[in-house]
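Scroll down for the structure; my scribbles are underneath it.
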Amino acid sequence: MKVIINKKIIEVEAHKTILEVARENGLFIPSLCDHSRLEPFGGCRLCIVEIKGRKGYFPSCSTYVEDGLEVRTETPKIKMLRREILELILSEHPHSCLICTEKEHCDEYKSTIRKVGEVTGCVLCSNNSRCELQDVVEALKIKRISFPALYRNFEIRKDDPFFDRNYNLCILCGRCVRICQEVRGASTISFAFRGSRAVVGTVLDRTLLESGCQFCGACVDVCPTGTLAERAVKPESLPDESLRTICPLCSLGCELKVELNEGRILRSVPSEQGAANRGQACVKGRFTLRDVVYSQQRIKRPLIRKKGELEEVDWEEALSYAAEELKKYKGTEIAVISSLQGTNEEIYLFHKFAHEALKTKNLDNSAHFSPLISYCDWIQEKGFSSEVNFKVEDISEAKTIFLIGSDLTVSNPIIGLEVIKAVRNGGNLVIINPQEIRLGRYASFWVKIKPGTDFFLLLSLAKTLIEEGELGDLSRIEGFESLNKSLDKIDVSRVFEITGVSENDLKDISKLLLEEKPPVFIFGLGLTQHPWGEENIAALWNLALLCEAQLIPLGLENNIRGELEIRRHFGTSGLSFNQIIQAARDNSLKALYLAGPFPYLVKEKPEFLVIQDSYSCENMNHADVVLPGATFAESEGTVTNLEGRIQKLNKIIEPQGEAKPDWWIIAHIAQKMGYKSFNYRKPSQILNEVKKAIPAFTDVSYPLLEKGEEIFCNEETEKKSKLIPVEYKLSSSSRKKDFPLLLLVNYNLDYYKSLNLSKEIKGLRKIRDSRWIKINPQDAAELKIEDGEEVEVESSSQRVRGIARIEDTIPHGIIDGSFLWSENPEFSIARFLSEFNPESFSLKMIPVRIRKGYKRKDNK
0 MKVIINKKII EVEAHKTILE VARENGLFIP SLCDHSRLEP FGGCRLCIVE IKGRKGYFPS
60 CSTYVEDGLE VRTETPKIKM LRREILELIL SEHPHSCLIC TEKEHCDEYK STIRKVGEVT
120 GCVLCSNNSR CELQDVVEAL KIKRISFPAL YRNFEIRKDD PFFDRNYNLC ILCGRCVRIC
180 QEVRGASTIS FAFRGSRAVV GTVLDRTLLE SGCQFCGACV DVCPTGTLAE RAVKPESLPD
240 ESLRTICPLC SLGCELKVEL NEGRILRSVP SEQGAANRGQ ACVKGRFTLR DVVYSQQRIK
300 RPLIRKKGEL EEVDWEEALS YAAEELKKYK GTEIAVISSL QGTNEEIYLF HKFAHEALKT
360 KNLDNSAHFS PLISYCDWIQ EKGFSSEVNF KVEDISEAKT IFLIGSDLTV SNPIIGLEVI
420 KAVRNGGNLV IINPQEIRLG RYASFWVKIK PGTDFFLLLS LAKTLIEEGE LGDLSRIEGF
480 ESLNKSLDKI DVSRVFEITG VSENDLKDIS KLLLEEKPPV FIFGLGLTQH PWGEENIAAL
540 WNLALLCEAQ LIPLGLENNI RGELEIRRHF GTSGLSFNQI IQAARDNSLK ALYLAGPFPY
600 LVKEKPEFLV IQDSYSCENM NHADVVLPGA TFAESEGTVT NLEGRIQKLN KIIEPQGEAK
660 PDWWIIAHIA QKMGYKSFNY RKPSQILNEV KKAIPAFTDV SYPLLEKGEE IFCNEETEKK
720 SKLIPVEYKL SSSSRKKDFP LLLLVNYNLD YYKSLNLSKE IKGLRKIRDS RWIKINPQDA
780 AELKIEDGEE VEVESSSQRV RGIARIEDTI PHGIIDGSFL WSENPEFSIA RFLSEFNPES
840 FSLKMIPVRI RKGYKRKDNK
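The sequence shown begins at 0 in numbering that gives the first Met the number 0 and counts up by one.
In structure tokens:
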């Protein structure tokens with residue numbers, strides 16, 4: 000269709016607003032309430048236009064184009080009305096900085112005073128040069144305000160983590176409210192009161208923390224003024240450079256825009272061009288990355304143990320010493336622990352280093368039990384094949400989503416946003432989880448299952464689907480008869496007794512799974528971490544085949560998919576992570592090379608220990624050599640996210656101190672050991688080798704990625720699958736008289752290499768703390784335990800201290816804790832690691848009791 004704007008004929012697509020069309024064609028229309036990620040609002044009225052043949056003025060942000068529409072945007076009347084509207088807005092906004100007559104001489108006279116509770120002058124305003132109000136005032140040439148000024152005198156709220164709220168600067172554009180509701184699905188903030196008393200706030204004027212805010216920063220990013228200001232950058236200079244890179248703190252690999260001043264990171268914000276995150280981030284990517292890079296725990300120089308003490312040395316001495324000592328060990332005598340928060344090139348090099356230089360197959364990592372790895376290993380063992388690649392944006396098109404074993408708000412927040420979008424598009428969400436999660440408000444069914452009974456529920460669902468007879472001709476699926484025969488032993492009438500789910504709910508869920516195909520099954524660590532994790536995967540596999548569903552196993556670390564493809568090439572015949580732990584404990588390992596998180600070595604120090612890390616950790620107490628690795632911001636290469644999408648990790652700053660990228664360290668040690676095939680000078684040389692060796696990476700190249708080309712891992716095209724028979728065994732831990740509670744232990748995702756993020760970053764610690772022991776209010780009341788009080792959790796063999804966190808999302812009779820591999824088990828749930836299966840990662844629900852300790856007076 001064609002429209003005419005200011006006498007210019009423009010070809011346009013349907014379903015676009017006048018404002019969108021104008022912007023796409025270089026025509027300026029001022030607006031303060033409009034944003035590309037939000038639905039039209041028509042609040043500020045600055046974008047009004049005239050339409051030929053129609054009376055009145057129309058907000059261009061909410062008026063859609065029609066064929067033949069003739070629009071005028073710059074008539075004298077419209078200009079006058081816009082100036083009056085803007086003056087009215089400015090009458091309740093401190094505006095002296097916006098109409099200052101000395102702006103041209105500002106650099107000469109920057110000194111100012113505090114006029115109100117906080118600086119309102121432009122130079123010292125945290126939003127200077129980012130303020131859209133500045134741009135609109137300049138565009139409309141406002142020189143004076145005709146209306147009397149009113150300072151609203153609101154208290155400046157500084158009681159929440161990461162950012163301050165100064166509603167004296169708020170223009171009620173509603174962007175923060177709308178993005179919190181429309182995009183993030185949190186609805187933490189809203190408009191309160193009406194008319195001249197209108198203000199943005201929370202229910203009962205609680206803090207954001209008390210209101211359930213997850214501090215994703217979306218509201219800060221869309222605020223057009225300085226109302227919402229990131230606390231860490233308020234005293235900083237303006238950025239002089241902005242570069243893009245990939246967040247290393249979860250498996251989705253969000254693209255971030257990192258702002259710098261004189262080579263120093265100021266802040267990170269989500270990139271609007273990010274293919275996976277599309278302008279959104281989570282609390283870690285948005286607010287913690289600067290602290291991660293500049294942590295006081297950074298190791299900045301190589302260290303060697305001399306006369307019982309670690310001493311700083313130069314790289315030549317450290318590399319030579321490490322190489323000479325490593326030559327003494329090979330095969331079963333040595334093991335390597337890698338990190339999955341590195342690049343594809345670095346993960347490949349660790350595997351090559353272990354196999355070729357150390358002559359060992361004992362290489363693994365702390366996240367080997369990820370649902371993605373567990374699922375793909377199971378698939379490979381059965382001789383099946385399954386597509387693992389997907390696009391996160393496609394989840395929003397699903398008509399039925401089946402989510403089991405994960406709280407996406409914490410583990411994969413951006414995927415959670417797509418689930419919310421799917422529900423708003425008319426889809427159904429089924430949640431299987433013993434705990435209440437935030438997405439529960441969007442669920443058609445939240446199945447509050449008894450912990451550890453997922454297997455029986457999945458089998459019962461499969462049997463119900465078959466018995467309902469709505470699956471069509473099931474003979475089309477290989478293995479149906481053997482599966483059906485094995486399901487004959489399942490007594491669906493016991494489903495409520497065993498799982499806590501009613502038989503009627505089971506039938507309703509079955510109908511949902513068949514309403515519109517294909518449904519999407521998303522599963523997390525809660526399904527796979529138990530000793531019966533493989534059985535759970537098998538039951539879910541069968542259910543997915545019956546429903547023709549797409550299966551999406553979640554990942555833990557940012558390059559888990561890259562590790563999956565690389566380990567397929569090198570094989571996995573060596574010791575697993577847990578077997579390496581066991582071998583270290585019984586002293587059958589003589590040497591360890593730790594480049595990733597590993598449990599604290601209390602008594603089982605090997606003969607020779609190398610630590611390659613960016614941060615100091617407990618195990619440095621036993622290290623013979625410490626090699627300082629660079630962080631994500633100081634390295635370059637490629638990373639593969641959970642979707643299978645390969646992305647470019649760009650170097651943002653120079654390494655701190657003498658830190659070096661992981662690939663550089665490994666290459667130089669191997670060269671000093673005499674292996675010339677490690678003679679790399681840059682990551683692109685390693686990538687060229689990876690492309691030749693591993694089919695998944697054949698199509699990758701730096702130039703294509705830098706151009707923004709979409710590149711995914713190559714997958715096997717031939718599909719091989721069949722239903723498999725299952726044998727049901729009831730597997731759940733029972734409480735004991737002396738230990739009346741069940742402890743659910745979760746793997747904590749708040750870390751980078753050996754750095755505990757909640758311990759390092761105070762703001763994150765207020766949201767979720769690795770020391771929290773979560774307990775139901777009823778259990779807490781019975782035990783007279785108060786929130787924030789130190790408690791002791793005890794099993795039949797172990798005990799550990801933590802901080803009580805009373806949450807009604809935790810089921811009665813259950814307590815919940817999390818651990819990090821790198822923590823000292825004396826002070827962490829990691830002490831319960833002895834309850835793990837020593838052969839593979841699996842965690843029983845441990846019968847425990849909990850005792851109160853002293854009440855903490857702070858949150859340190």
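Beta carbons: idealized from backbone N, C-alpha and C, even for Gly.
A contact between stretches requires three or more CB pairs, one per stretch, nearer than 8 Å, and the segment 467-478 fails this requirement with the segment 352-360. With 16 or more other CB atoms across the displayed protein chains lying within 10 angstroms of its CB, Gly643 is buried. When the Cα atoms are used, Val11 and Ala695 turn out to be separated by approximately 40 Å. In the DSSP assignment, Lys283 falls outside any beta strand (DSSP E) and within the unbroken alpha helix (DSSP H) covering 282-286.
Counting the other Cβ atoms within 10 Å of the Cβ of Pro682 gives 16 or more, which makes it buried. Judged by beta-carbon spacing, His350 lies beyond the 8 Å limit of Ile668, meaning their Cβ atoms are not closer than that value.
Cβ atoms of Phe286 and Phe161 come within 8 Å of each other, at about 5 Å. By the Cβ criterion, the segment 544-563 is not in contact with the segment 420-437, since fewer than three pairs of Cβ atoms, one from each stretch, lie closer than 8 Å. CA-CA distance, Cys130 to Arg151, rounds to 20 Å. CA-CA distance, Leu288 to Thr716, rounds to 38 Å. By a beta-carbon distance limit of 8 Å, Ile828 contacts Val744. Their separation comes to about 6 Å. One Cα belongs to Ala148, the other to Glu261, and the distance between them is close to 39 Å. Between Tyr750 and Leu756, the gap from beta carbon to beta carbon is short of 8 Å. Annotated three-state conformation of Glu793 is strand, per DSSP. When DSSP states are grouped into helix, strand and coil, Asn577 belongs to the helix group. As computed with DSSP, Phe569 is found in no beta bridge at all. At the C-beta level, Leu31 and Val135 come within 8 Å of one another. Arg263 and Gly628 have their C-alpha atoms spaced approximately 19 Å apart. In the three-state scheme derived from DSSP, where H, G and I count as helix and E and B as strand, Tyr441 is classed as helix.
DSSP lists Ile802 as the bridge partner or partners of Trp771. Our two residues, Asp623 and Pro598, have alpha carbons roughly 17 Å apart in a direct line. Going by C-alpha positions, Glu502 is about 36 Å away from Arg767.
In the DSSP assignment, the residues bridged to Ala334 are Leu591. Bounds of any alpha helix (DSSP H) do not take in Lys1; it lies within the beta strand (DSSP E) bounded by 1-4. Between Cys546 and Thr639, the CB-CB gap reaches or exceeds 8 Å.
For Val519, the secondary structure class from DSSP, reduced to helix, strand or coil, is strand. Spanning the alpha carbons of Glu91 and Pro234 requires a straight line of approximately 25 Å. Setting aside the 5 residues that flank it on each side, Lys78 is surrounded in the same chain by Leu139, each with a C-beta closer than 8 Å to its C-beta; the list follows chain order. If you check the CB distance, Leu513 and Glu469 come in under 8 Å. Burial is judged here by how many other beta carbons sit within 10 angstroms of a residue's own beta carbon; Gly554 has at least 16 and is buried. Boundaries of the beta strand (DSSP E) harbouring Gln549: 549-552, taken from the DSSP string. In this structure Val202 is exposed. Its beta-carbon is surrounded by fewer than 16 other beta-carbon atoms within 10 angstroms. Boundaries of the alpha helix (DSSP H) around Gln670: 661-671. Between Ala217 and Val176, the C-beta gap is not smaller than 8 Å, which leaves the two residues out of contact.
For Asp163, the pairing in a beta bridge is given by DSSP as Ala228. The beta carbon of Gly330 sits closer than 6 Å to the beta carbons of Lys358, Thr359 from its chain, once the five residues preceding and following it are set aside; these are given in chain order.
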